[in-house]
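K.L.:
Residue numbers (our numbering): -3 to 266.
I'd like to ask some things about the structure below.
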Amino acid sequence: MPNVIKASQYTNSGVREVKLSELASSQRHNEPAGVPAVRRDAGQSQEAILQEALEQAKNIVENARSYTMNQLRESTAQMNEEASRIRAAGYQEGFSKGSAEGFEKGHSEGYEKGYEQGLQEGREAGIQELQEQSDRQRVEIARLIEDLEQSKLQILEEFRSGIEALSMQIARKVLHQEVSDGIAVPAIVSGVLEEYHDQEWACIHVSPRAAELLQADPQLMERLQSVSKNLRIVPSASLEDSDCQIDLPDRQLDAGVETQLKEISYELHL
């Protein structure tokens, strides 16, 4: 095959592109001198063919270059798309992993924070509840103490009243027993007249039995002389052994046992 149809030649270092115009020019330079005109016409036709072939070769090269550039662009686009896909996949994987780790970390931190917060709030709520319970107990204790004080006062009052009433009952029984024994009236007369001295006269009205008891007590009769030198003991059958009435110039005194008990009850607010 003639050299004019070759688009490239091989070298030791690889493929080197050779222009077809260079091939046509080298073909003309290789013709011997004195070639006939017919030969030149044939050469011109061959040159036209070469020129056409050159144009076709140019088109082929341009198409090849265009195809190569398109392929390169498509490859680049595919590589960019693949790189974008890989980046997107990596981003998604990293995002998912980061989200999972972040969620786990956040969950852990949230749990710890919630635990600490719940513990603190529980502690504060427990302290507040204990404080409120302590306040309620303090109020309840104060109320119980007040109730106990009131109960104690009431009990003491009832006890005091009971003791006083009991004391009066005991005193009445003792006095009446002393009256029966002949002790009460002399003691009462001596006690009543102790505050009265140097009276112009004095008259003591008692029962016949009480009159005998008074007159039979010399020490009592001696003490009664200080009341009045003119003192008389008058027995009266209408009086009980517990009765005793004393007449003085300016007053009358009831020294009977019941009257003395009434005075004691009055003083004790019974």
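We treat Cβ as the ideally placed atom computed from N, Cα and C, and that holds for glycine.
Is the distance from the Cβ of V202 to the Cβ of L189 below 8 Å?
P.N.:
On the sequence shown, position 206 is the one that residue 202 refers to. On the sequence shown, position 193 is the one that residue 189 refers to. The answer is no: Cβ separation not under 8 Å.
K.L.:
Going by CA-CA distance only, name the one from R119, C240, P245 that's closest to T255.
P.N.:
Numbered from its first residue, the sequence shown carries residue 255 at position 259. Nearest C-alpha to T255: C240.
K.L.:
Contact defined as beta carbons within less than 8 Å: I believe P204 pairs with P182. What is the distance between those atoms, to the nearest angstrom?
P.N.:
Locating residue 204 in the sequence shown gives position 208, where the first residue counts as 1. Locating residue 182 in the sequence shown gives position 186, where the first residue counts as 1. Wrong, their Cβ atoms sit about 15 Å apart, outside the cutoff.
K.L.:
Here's the rule I'm using: 16 or more other beta-carbon atoms within 10 Å means buried, otherwise exposed. How should I151 be labelled?
P.N.:
Taking the sequence shown and counting its residues from 1, one reaches residue 151 at position 155. Per the 10 Å Cβ criterion, exposed.
K.L.:
So, using beta-carbon positions, are I179 and V253 closer together than 8 Å?
P.N.:
Locating residue 179 in the sequence shown gives position 183, where the first residue counts as 1. Locating residue 253 in the sequence shown gives position 257, where the first residue counts as 1. In this structure, V253 does not lie closer than 8 Å to I179 by Cβ.
K.L.:
Just list the residues that DSSP pairs A198 with in beta bridges.
P.N.:
Locating residue 198 in the sequence shown gives position 202, where the first residue counts as 1. Beta-bridge pairing links A198 to L227.
K.L.:
Which residue comes first and which comes last in the alpha helix (DSSP H) that contains Q215?
P.N.:
For this step, residue 215 is matched to residue 219 along the sequence shown. 214 to 220 is the span of the alpha helix (DSSP H), which, as asked, contains Q215.
K.L.:
So what does I242 bridge to, in DSSP terms?
P.N.:
Along the sequence shown, read from residue 1 onward, the residue named residue 242 stands at position 246. Looking at the DSSP assignment, I242 forms a beta bridge with I200, L249.
K.L.:
According to DSSP, is S232 helix, strand or coil?
P.N.:
As a position in the sequence shown, residue 232 is number 236, starting the count at 1. S232 falls in the coil class under three-state DSSP.
K.L.:
Does the Cβ of P32 have 16 or more other Cβ atoms within 10 Å, making it buried, or fewer, making it exposed?
P.N.:
The sequence position of residue 32 within the sequence shown is 36, counting from 1. Because P32 carries a pLDDT of 49, less than 50, the predicted location of this residue cannot be relied on, and the following value inherits that uncertainty. Flag for P32 reads exposed.
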